[in-house]
Amino acid sequence: MRKNWLTAVICVVIAVTFFVAGFFTRNVFDALSPKYEIIFSQNVSRENIINFNKVKSLLLNSYYEEIDEDVLLEGAIKGMVEAVGDPYTVYYTPDMMKSFMEQQTGSYVGIGVTVFMDDDGLATVADIFDNSPAKAAGMRNGDKIVMVNGEDVTEITDLNLIVQKIKGLPDTEVVLMVYRPEINNYVELSMVRKVINIQYIESRMINDDIGIFS
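Take 1245 as the starting number for the sequence shown in the numbering used here and just add one per residue.
In structure tokens, the structure reads:
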């Protein structure tokens, strides 16, 4: 009887030891490998959370190409900010913020054009700076950029991404293929990037005493 009692005590001690060891090991492991969560308030409907996870799962498991989850999350953040409906509330990626700061400082390395997305989703030249590589290469307003260094950019819907491909280091070459509507044909333009100084204000003298700023 005494032997059975001692055996039972030993088993309990061993069980407690394993439990305590497992508890501390698990907590130490979690401390070394912290988990990050997306937390919603109780005001968010359960159905929306389920749909969010369902769409993410479908994209990760069923999309024909491999998807970077960070790209998905960044897109979700951008969509969340846009959902506010305030034109002055925007989300900038690091690259977009860099581009924004370049514009504020008044200079960047590129070819010297401003572009916009037309109704067909093509990057279209709106303006060409004087003394720029684009001007020297013969680029014209209305040219539609279809290739950058041999890469088709007509399927890219993010204008900033196309602009980043055109920009680069000073004194490096960039080759653009543009569609020119006025001749209904494609034109290849080779340019060497340089520092472009943006002029926000232009001025000219209309006589000896009067000048115009615009």
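Every residue, glycine too, gets a C-beta built ideally from N, C-alpha and C.
The beta strand (DSSP E) with residue i in it runs from where to where?
i            : result
residue 1320 : Unbroken run through residue 1320 is the alpha helix (DSSP H), 1313-1326; no beta strand (DSSP E).
residue 1424 : 1417-1424
residue 1397 : Unbroken run through residue 1397: none, as it is neither H nor E.
Using the rule of at least 16 other Cβ atoms within 10 Å of the residue's Cβ for burial, across every protein chain shown, is residue i buried or exposed?
i            : result
residue 1368 : buried
residue 1327 : exposed
residue 1468 : With the chain running from 1245 to 1458 in the structure shown, residue 1468 is simply not present.
residue 1324 : exposed
Can you give the Cα-Cα distance for residue i and residue j, rounded to whole angstroms?
i            : j            : result
residue 1374 : residue 1354 : 13 Å
residue 1460 : residue 1382 : Any question about residue 1460 goes unanswered here, given that the chain covers just 1245 to 1458.
residue 1315 : residue 1302 : 15 Å
residue 1408 : residue 1285 : 37 Å
residue 1438 : residue 1430 : 24 Å
residue 1440 : residue 1359 : 15 Å
residue 1387 : residue 1427 : 10 Å
residue 1292 : residue 1320 : 13 Å
residue 1362 : residue 1356 : 19 Å
residue 1300 : residue 1288 : 18 Å
residue 1402 : residue 1310 : 19 Å
For residue i, tell me which candidate among the options has the shortest Cα-Cα distance.
i            : options                : result
residue 1365 : 1399, 1434, 1312, 1282 : 1399
residue 1416 : 1287, 1290, 1377, 1403 : 1377
residue 1384 : 1309, 1403, 1333, 1432 : 1432
residue 1421 : 1412, 1404, 1395, 1391 : 1391
In the DSSP assignment, find the unbroken alpha helix (DSSP H) run with residue i in it and report its ends.
i            : result
residue 1407 : 1403-1410
residue 1360 : Segment 1357-1361 is the beta strand (DSSP E) holding residue 1360; no alpha helix (DSSP H) there.
residue 1285 : Unbroken run through residue 1285: none, as it is neither H nor E.
So residue i and residue j are supposed to be a Cβ contact under 8 Å. How far apart are they, rounded?
i            : j            : result
residue 1335 : residue 1322 : 5 Å
residue 1419 : residue 1410 : Not a contact, Cβ separation roughly 10 Å.
residue 1220 : residue 1339 : Because the chain is modelled from 1245 through 1458, residue 1220 falls outside the range shown and cannot be assessed.
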